[in-house]
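The end of the sequence shown is residue 187 by my numbering, with every number in the run present. As structure tokens, the structure follows; a few thoughts come after it.
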Amino acid sequence: MPIQAEGLPRKLADPFDMGGGHIDPDRAVDPGLVYDMDPIEYTKFFRCTLDAKDDCDSYMGWLYQLNLPSIAVPDLEGSVTVSRTVTNVGPAAATYRVAVEAPAGVDVSVEPEVMTFTTDGSKNATFKVTFTARRMVQGVYTFGSLAWSDGGVHSVRIPVAVRPVIEDFVADVS
């Protein structure tokens, strides 16, 4: 039976209604890749969210670039590119390949599709994800995921939520 979301009105649960799953302690101590974020980014996020100042002009553009282990694009008109940086905390020499489960009605491309870490190189790698709306729908979130796998022990998956829009309405409350 499909899972129902709590609250009213009743609806089928989507990824916004579900938790992160069960914790696997063995995998938690050896994740392979992590999405690390500088505390300064959190400070700017809270400052711009609670009390927007002059340096918060491009808030949505900046918010898309917040290095979270998820990607949300609440107003996709045309295309948007976001970037994320991962830190390799697994074996020093590793190669990760991306697998994309694109949200319905959205084309997703990742650059680069392969990240290689070497023993004498950087432990950080940045990748860009471009979302392009294929279907012109209004106000409906669609969901997918992006997973980096080393072909062995590590698979690092993040959720993706995209809401394509034709026109931004003040009363649109999906």
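Ideal Cβ positions, reconstructed from N, Cα and C, are used throughout, including at glycine.
Quick one: is residue 137 buried, meaning 16 or more other Cβ sit within 10 Å of its Cβ, or exposed?
Residue 137 comes out exposed.
For residue 35 versus residue 103, is the C-beta spacing smaller than 8 Å?
The answer is no: Cβ separation not under 8 Å.
Span of the alpha helix (DSSP H), counted from its first residue to its last, around residue 29
Here residue 29 belongs to no alpha helix (DSSP H), and DSSP marks it neither H nor E.
Within a Cβ cutoff of 6 Å, which residues of the same chain sit near residue 170, ignoring the five residues on either side of it in sequence?
Setting aside the 5 residues that flank it on each side, residue 170 is surrounded in the same chain by 158, 160, each with a C-beta closer than 6 Å to its C-beta; the list follows chain order.
I'd like to confirm the pairing. Which residues does DSSP put opposite residue 148 in its beta bridges?
According to DSSP, residue 148 bridges with nothing at all.
Among the residues of its own chain, which have a CB less than 8 Å from the CB of residue 187, if the five just before and after it don't count?
Note that residue 187 has pLDDT 48, beneath the 50 cutoff, so the model's placement of it is unreliable and no number is given.
Short of 6 Å in beta carbon distance, which residues of its chain neighbour residue 38, apart from the five on each side in sequence? Order them along the chain.
Nothing meets the Cβ criterion.
Residue 43 to residue 101 span [Cα, whole Å]:
Each residue's Cα considered, the two are about 10 Å apart.
Starting from residue 53, trace the alpha helix (DSSP H) both ways and give me its first and last residue.
It spans 52–63 - the alpha helix (DSSP H) in which residue 53 sits, taken as one unbroken run.
Rounded to the nearest angstrom, what separates residue 172 and residue 22 at their Cα positions?
Each residue's alpha carbon lies about 25 Å from the other.
Distance, Cα to Cα, residue 126 vs residue 26?
Each residue's alpha carbon lies about 31 Å from the other.
Closest Cα partner of residue 146 within the set 89, 165, 140, 112
Checking every option, the nearest Cα to that of residue 146 belongs to 89.
Which residues mark the beginning and the end of the beta strand (DSSP E) in which residue 120 is found?
Element bounds for residue 120: 119–124.
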